[in-house]
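Residue numbers (my numbering): 495 to 632.
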Amino acid sequence: MRAYDAETGKQIWNFDTTAEDSTGVWATNDATGKDMHRDIAAEKAALKKLGDPYKTLGGGVWQNPAVDLAAKRIYFVVGNPSPDLDGSVRPGDNLYTDSLVSLDLETGKYACHFQYLDHDLLDLEAVTDGLGRRAWAT
């Protein structure tokens with residue numbers, strides 16, 4: 495996510511949608527409390543072998559952000575991690591994928607986030623298609 499000066503075109507700030515330490519808290523349940531059946535031990539072993547995947551993790555912004563001028567905040571949804579269906583090469587929670595993120599509007603500094611699905615294996619970002627929702631419901 496980037497902000498530019500409307501008059502000069504100069505970049506004001508940049509925020510990477512994947513954190514340099516993308517491991518998170520190693521969540522075992524999604525935001526609804528549903529068990530995600532993650533093999534945390536295998537993921538931690540992969541992390542030792544492969545390192546943190548934050549540079550190749552993905553995490554595109556698919557929808558327009560919301561801006562709160564009074565609070566000087568910008569809110570946006572980050573999509574699924576990549577590769578979307580193979581979590582073996584991206585151990586950890588994969589911050590900030592599948593999240594609602596808020597930044598300071600003027601500086602681009604991280605304010606907070608809510609990750610609704612850690613280590614997504616089903617391509618279920620907020621803009622998921624009907625196929626993804628059906629797969630999750632089964």
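Glycine residues also receive a C-beta, built at the ideal position from the N, C-alpha and C atoms.
580 is the residue among 549, 580, 537, 500 whose C-alpha sits nearest the C-alpha of residue 616. Membership of residue 560 in the beta strand (DSSP E) is indicated by the continuous run 560-562.
Around the beta carbon of residue 534, fewer than 16 other beta carbons sit within 10 angstroms, so the residue counts as exposed. Under the three-state reduction of DSSP, residue 552 is assigned to strand. With a threshold of 16 other beta carbon atoms within 10 Å, residue 612 meets it and is buried. Setting aside the 5 residues that flank it on each side, residue 587 is surrounded in the same chain by 516, 517, 518, 519, 520, 521, 609, 612, 613, each with a C-beta closer than 8 Å to its C-beta; the list follows chain order. Residue 596 carries a strand assignment under DSSP once its states are collapsed to helix, strand and coil. Secondary structure at residue 513: coil, using DSSP grouped into helix, strand and coil. Proximity of the region 591-607 to the region 561-574 meets the contact definition, three or more beta-carbon pairs being nearer than 8 Å.
Between residue 603 and residue 513, the alpha-carbon positions lie close to 12 Å from each other.
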